[in-house]
Amino acid sequence: MKQKMKLLGLSVLSASLLFVSCAQDGFDEESFESSVTNTQMTSPNAEDVKTASSADGSQWIVSWPLVKGASSFQCTVTNVTDPVNPVILFTDSIIDGCTLTFPREDDSNYVLDIRTLGNKSVGNTDAEEATKKSFTSFLPTWKEIPAETDISTWLAHNPIPADITDEVCIDLVPGANYTMTSSLDFGTHRVTLRSTTPTQPASIKIVGDASFIIDEGFTMKNLNIDASGSASHMIVGNKTPAEVNVEGGYYRVENPIYIKNVKINGLQKRFIHDGNVKYCFKTVIIDDCIIEHTPTEKIQFIRMESGFVNDLTIRNSTIWNAGEVSQDYIVQYQNAGRSTRAGYISNSITVSNCTFYNMAKTEKFGNYDGFKGQECSYFTLTNSILMNTGGKQIIQRFSGNGKPKPENAKFSNNTLFNYDMDIIEENYPTESQVLGDPQFTNPTEGDFHISGPAAAAGIGDPRWL
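If you're matching positions, the sequence shown starts at 469 in the working numbering and goes up one per residue.
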């Protein structure tokens, strides 16, 4: 089969790629000069090419030893996570140095082709062949659960060893089907549950009284979840938290709750709940997800009874209500929690490039009194569509019913539209408001493709553009 290969142009990457010269590697301008003359170069050995991530995990740093008699190195980097459709990040770039830095994505496989170019001024010629160096940003797998398995039963028979302190990655077979018939209590383990192939999510059918019980960071990636048979909240704080990181009476969970490329259907209860324990989840990120909420009673999408989420980010996602009852809040922290009370400097609510439909239609987006009017609180709502969502005071309630300082808030390039009521935001001006009905194709069936001004402005969940 002939493979198709995408080329991501250098113009796209120019702002984020950084080619580091030899002088910046600790070499001086004469480092490539040597007594080697009239020689054909060889490319660096693959085992001598070293890869590392930057401190924040956003960049790859690739380095190799100096080859005497060389003038430079010719490099091509390809993302081969999808082997049928590899993506060339850049090709045949001439690197006058021994270090290369470029953007790093999670759960991705890469190949570097590096060829030594000879110093022609002293008669040296280029290496005949490039060296291939494969490397990955995938966390190592602890176990893979076989397809057509009840995850709850499998983990009961194969518990995570208590002495494992690193993140535990549990893989599901790409494209396979699973059930989950009872709660998964991960204790103090930081767990990732994933399919390793983003384009082939594994499917989980949750039935009965089953939740993900956490007392540490938790990640779900590349999954389709049918929650229509579940009568429980999806992610719940452990009732007996480990007392290892307590500040101001809050049990602090430093590692993130990270939900990436997950589609959830038929969620009847809350998506996140603290179990009525005084947790501070430092970071919650919902990214590239589609979540159908189908409440049968007036509840919230995220509710912290006794604690709060310090930094909540929802991006590139669609969240909609297909149930019989409207939520009373999308996000509610039913207490006075905020960053400074749990030992942090600031706290935030951030929504960007999202589509919300029928969520808390006649009610309110948020209720977090601890954040309201505080200098430590930051609110960002950008490039998003909120249709029949959050009543008629969307920005006011998104801000926790307080009025943040201009430097603490950004509300721009959004469509706020409700068929049944006028949106009233006189005291909460927004920038670049995109007016009018986004004209979803078929929202009752979960098709939120848009047209009109919102489409022209390129806002909402990017998958619908």
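No residue lacks a Cβ here, since even glycine has one placed at the ideal position from N, Cα and C.
Please read these numbers as outputs of a predicted model, since none were measured by experiment.
- A670 has its alpha-carbon roughly 5 Å from the corresponding atom of G643.
- As for any alpha helix (DSSP H) of minimum length 4 sitting wholly inside the stretch 681 to 728, there is none.
- An exposed status is given to K518, since fewer than 16 other beta-carbon atoms sit within 10 Å of its beta-carbon.
- DSSP places E913 within a helical segment (H, G or I) once states are collapsed to three.
- Between I787 and I817, the gap from beta carbon to beta carbon reaches 9 Å or more.
- The shortest C-alpha to C-alpha distance from R783 to any of E715, L933, G834 and I727 is the one to I727.
- Taking a cut-off of 8 Å on C-beta distances, the stretch 791 to 802 touches the stretch 755 to 774, as three or more cross pairs fall below it.
- Under the three-state reduction of DSSP output, N778 falls in the strand class.
- A distance below 7 Å between beta-carbons, with the five flanking residues on each side excluded, links Q842 to the following residues of its chain, in chain order: R806.
- Residue burial annotation: G926 is exposed, with fewer than 16 other C-beta atoms found within 10 angstroms of its C-beta.
- Taking a contact as a CB-CB distance under 8 Å, the pair V730 and M702 does not count as one, their CB atoms being some 10 Å apart.
- With 16 or more neighbouring CB atoms inside 10 Å of its own CB, T850 falls in the buried class.
- For F570, the enclosing beta strand (DSSP E) has its first and last residue at T567 to P571.
- Spatial neighbours of I693 in its own chain (CB-CB distance under 6 Å, excluding positions within 5 residues in sequence) are listed in chain order as I672 and I732.
- Collapsing the DSSP output to three states places S919 in coil.
- Pairing K588 with S539, the inter-Cα distance amounts to about 8 Å.
- Around the CB of N856, 16 or more other CB atoms lie within 10 Å, so the residue is classed as buried.
- Shown here for G685: same chain residues with a beta carbon closer than 7 Å to its own, the five before and five after excluded, namely R658, V721, N723, P724 and I725 in chain order.
- In summary, N835 is buried, with 16 or more beta-carbon neighbours lying within 10 Å of its beta-carbon over all protein chains present.
- In terms of CA proximity to T848, K873 leads the group E831, Y825 and K873.
- Burial check for Y825: the Cβ neighbour count within 10 Å reaches 16 or more, so the residue is buried.
- Per the coordinates, the alpha-carbon of V777 lies some 11 Å from the alpha-carbon of K746.
- Residue pairing by DSSP places H657 opposite no residue, since no beta bridge is assigned to it.
- For E612, the closest alpha carbon among the candidates I682, N706 and W622 is that of W622.
- Check the Cα spacing between T617 and each of D639, P629 and T647: the tightest is with T647.
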